[in-house]
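Chemist: Here's a structure for you.
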Amino acid sequence: MAGNNLRTVDVGEQIKHLRTAVRIQINQLANIVGISRNTITNYESGKTEPTTGDLYKIANALGCRITDFFAEGLSEQALQFAFRAHKAITKNPLLMVAARKYFHAYTEIEEITGTKLISKFRPFTFDPEEMPLEQWIQTAADKTRESCDIADSGPENILNVLENLGIRSLFFQTDADGLDGLSARQGDMSLIMLRERDRIIERTIFSAAHELGHLVLHPKLYTASTEEEENERDYEKEADLFAGNFLVPTDDLMEIWNNERLYNLPLVHALISLKEVFRVSFWCLYNRVSQNHLTKIEYPQLITKVKKILKIRGKAKMEDLEPNPLPVDLLQKSTRFMRLVRSAFLQEKIGVAKVAELLQITVNQAKEITAKWMAPQSELVG
Numbered sequence: 232m233a234g235n236n237l238r239t240v241d242v243g244e245q246i247k248h249l250r251t252a253v254r255i256q257i258n259q260l261a262n263i264v265g266i267s268r269n270t271i272t273n274y275e276s277g278k279t280e281p282t283t284g285d286l287y288k289i290a291n292a293l294g295c296r297i298t299d300f301f302a303e304g305l306s307e308q309a310l311q312f313a314f315r316a317h318k319a320i321t322k323n324p325l326l327m328v329a330a331r332k333y334f335h336a337y338t339e340i341e342e343i344t345g346t347k348l349i350s351k352f353r354p355f356t357f358d359p360e361e362m363p364l365e366q367w368i369q370t371a372a373d374k375t376r377e378s379c380d381i382a383d384s385g386p387e388n389i390l391n392v393l394e395n396l397g398i399r400s401l402f403f404q405t406d407a408d409g410l411d412g413l414s415a416r417q418g419d420m421s422l423i424m425l426r427e428r429d430r431i432i433e434r435t436i437f438s439a440a441h442e443l444g445h446l447v448l449h450p451k452l453y454t455a456s457t458e459e460e461e462n463e464r465d466y467e468k469e470a471d472l473f474a475g476n477f478l479v480p481t482d483d484l485m486e487i488w489n490n491e492r493l494y495n496l497p498l499v500h501a502l503i504s505l506k507e508v509f510r511v512s513f514w515c516l517y518n519r520v521s522q523n524h525l526t527k528i529e530y531p532q533l534i535t536k537v538k539k540i541l542k543i544r545g546k547a548k549m550e551d552l553e554p555n556p557l558p559v560d561l562l563q564k565s566t567r568f569m570r571l572v573r574s575a576f577l578q579e580k581i582g583v584a585k586v587a588e589l590l591q592i593t594v595n596q597a598k599e600i601t602a603k604w605m606a607p608q609s610e611l612v613g
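In the working numbering, the protein residues as written are 232 to 613.
Written as structure tokens, this is what we have:
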């Protein structure tokens with residue numbers, strides 16, 4: 232039996248705390264683990280002491296480590312680790328579990344390899360007496376942009392820019408509607424997870440900047456007590472505004488708009504010209520032009536114009552309404568996480584089973600990957 236050095240009820244309370252943190256119901260957890268609902272209830276109430284085997288299964292299902300059930304003060308510590316609330320996550324809590332696993336995996340592989348990223352970005356605190364909300368967001372975006380090299384490297388390198396700020400990034404597969412990215416933070420470790428896409432990388436670029444906005448503007452959202460936040464604030468809108476200013480600074484936009492006389496062009500042509508410079512979404516550029524009062528054309532009008540140009544009839548997804556989409560291979564994806572796992576494996580610090588656990592793949596898939604790591608890519612010619 233597990234937890235001989237702790238009271239059974241303490242372990243049960245930790246199980247319940249970690250389960251509710253990822254919004255998984257008792258019956259859902261029971262189905263995932265393969266035990267009865269009553270067994271889970273008895274574990275959480277302290278009536279029954281969990282077996283070691285069940286604890287491992289529960290930890291895996293909740294995206295945590297078995298040691299978390301025995302960590303003193305975990306309840307307080309766990310409040311510093313929660314994912315930004317998102318409707319897709321509340322509907323499918325297994326998304327949060329998978330994300331928590333990746334977060335722990337990234338933490339663990341950094342510990343194994345001794346290569347922790349140092350957080351370099353600065354969170355900003357809003358003071359309504361100091362400046363208006365929109366000005367505060369623009370200031371935060373401008374100062375964050377100044378602290379990184381995105382102006383030189385370009386938005387297609389935004390993931391490397393994030394790493395230079397000490398923010399890790401990963402890609403994940405999901406069918407959840409409207410979920411393009413999510414972010415997590417625990418202590419000084421931050422992770423942005425982005426949806427894997429085979430087209431319209433403009434959305435990936437904007438999502439990365441959007442999540443950066445949450446990390447910079449809304450550090451309090453990364454706690455389990457989001458209900459305590461001011462309900463009147465629209466955090467998604469604020470993060471969108473940050474992303475727009477971060478990717479398309481007002482000064483740069485105005486300079487190009489005026490110097491190149493873009494105001495003499497039809498709006499669609501002007502936006503396409505801007506896209507050649509900023510390499511971000513057509514619609515991000517429209518929002519920035521609109522926010523700076525450079526056009527009076529409303530969003531529905533522009534949608535109609537774009538659909539006509541693209542010869543689209545009826546309803547269409549936004550990703551189908553992106554004129555002149557950027558080449559998919561233009562986006563520079565971070566390989567840091569995979570490189571750390573490979574490095575640890577080649578140094579024999581971890582085995583195939585651990586590779587599978589870290590990458591959230593099967594052992595057979597891990598065997599195939601590690602075999603490629605061990606095989607020379609080409610023969611040396613003497």
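In this text, a Cβ means the ideal position worked out from N, Cα and C, and glycines have one as well.
Go ahead and label D429 buried or exposed: buried means 16 or more other beta carbons lie within 10 angstroms of its beta carbon, across all protein chains shown.
Modeler: exposed
Chemist: Which of the three DSSP states, helix, strand or coil, is assigned to G545?
Modeler: coil
Chemist: Which residue's Cα is closest to the Cα of P359: Y337, R464, R492, Q256?
Modeler: R464
Chemist: What are the start and end residues of each continuous beta strand (DSSP E) run of 3 or more residues lying completely inside the region 414 to 462, in chain order?
Modeler: Taken in chain order, the complete beta strand (DSSP E) segments of 3 or more residues contained in the region 414 to 462 are 420 to 426.
Chemist: Using DSSP with H/G/I as helix, E/B as strand and the rest coil, what is R661?
Modeler: Outside the displayed range of the chain (232 to 613) lies residue 661, so it cannot be described from this structure.
Chemist: In or out: V520 buried (at least 16 other Cβ within 10 Å) or exposed?
Modeler: A buried status is given to V520, since no fewer than 16 other beta-carbon atoms sit within 10 Å of its beta-carbon.
Chemist: In angstroms, rounded to a whole number, what distance separates the CA positions of S414 and Q522?
Modeler: 26 angstroms
Chemist: Does W604 pass the burial test, meaning 16 or more other C-beta atoms within 10 Å, or should it be called exposed?
Modeler: exposed
Chemist: Take W488 and list the residues in its own chain whose beta-carbon comes closer than 7 angstroms to its own, dropping the five residues that flank it on each side.
Modeler: Y494, L525
Chemist: Helix, strand or coil for Q308, going by three-state DSSP, please let me know.
Modeler: Here the model assigns Q308 a pLDDT of 47, short of 50, so the residue's position is not dependable and the matter cannot be decided.
Chemist: Using only alpha-carbon positions, find the residue among L446, L396, Q578 that is nearest to G345.
Modeler: Q578
Chemist: What are the boundary residues of the alpha helix (DSSP H) that F357 is part of?
Modeler: Neither: F357 is in no alpha helix (DSSP H) and is coded neither H nor E.
Chemist: Straight-line CA distance for I255 to L446?
Modeler: 25 angstroms
Chemist: If you draw a straight line from the alpha carbon of R573 to that of G545, how long is it in whole angstroms?
Modeler: 48 angstroms
Chemist: Kindly identify the DSSP beta-bridge partner or partners of G412.
Modeler: Paired residue(s): L425.
Chemist: Kindly give me the distance between the Cβ atoms of V511 and E427, rounded to whole angstroms, as I take these residues to be in contact under 8 angstroms.
Modeler: That pair is no contact at about 19 angstroms.
Chemist: Give the list of continuous alpha helix (DSSP H) stretches no shorter than 4 residues that lie fully inside the region 486 to 568.
Modeler: Counting only runs that start and end inside the region 486 to 568, the alpha helix (DSSP H) elements of at least 4 residues fall at 498 to 509, 513 to 522, 530 to 540.
Chemist: Once the 5 residues before and after R250 are set aside, which same chain residues still bring their CB inside 7 angstroms of it?
Modeler: L260, L293
Chemist: Run the CB neighbour count on Q245, radius 10 Å, all protein chains shown included, and call it buried at 16 or more, exposed below.
Modeler: So Q245 counts as buried.
Chemist: Report buried or exposed for P386, applying the criterion of at least 16 other Cβ atoms within 10 angstroms of its Cβ.
Modeler: It is buried - the Cβ of P386 has at least 16 other Cβ atoms within 10 Å.
Chemist: Taking the runs of the alpha helix (DSSP H) that are 4 residues or longer, which of them lie wholly in the region 257 to 295?
Modeler: 257 to 264, 268 to 276, 283 to 293
Chemist: Would you call the region 334 to 354 and the region 263 to 271 in contact, with 3 or more CB pairs under 8 angstroms?
Modeler: no
Chemist: Between S378 and the rest of its own chain, which residues show a CB-CB distance below 8 angstroms, the 5 nearest in sequence each way excluded?
Modeler: Closer than 8 angstroms at the Cβ level, and outside the excluded window around S378, lie K351, F352, R353, L396.
Chemist: May I have the straight-line CA-CA distance separating Q311 from G418, to the nearest angstrom?
Modeler: At Q311, the pLDDT of 42 sits below 50, so the modelled position is not reliable; the number obtained from the coordinates is stated separately. Going from the Cα of Q311 to the Cα of G418 covers about 7 angstroms.
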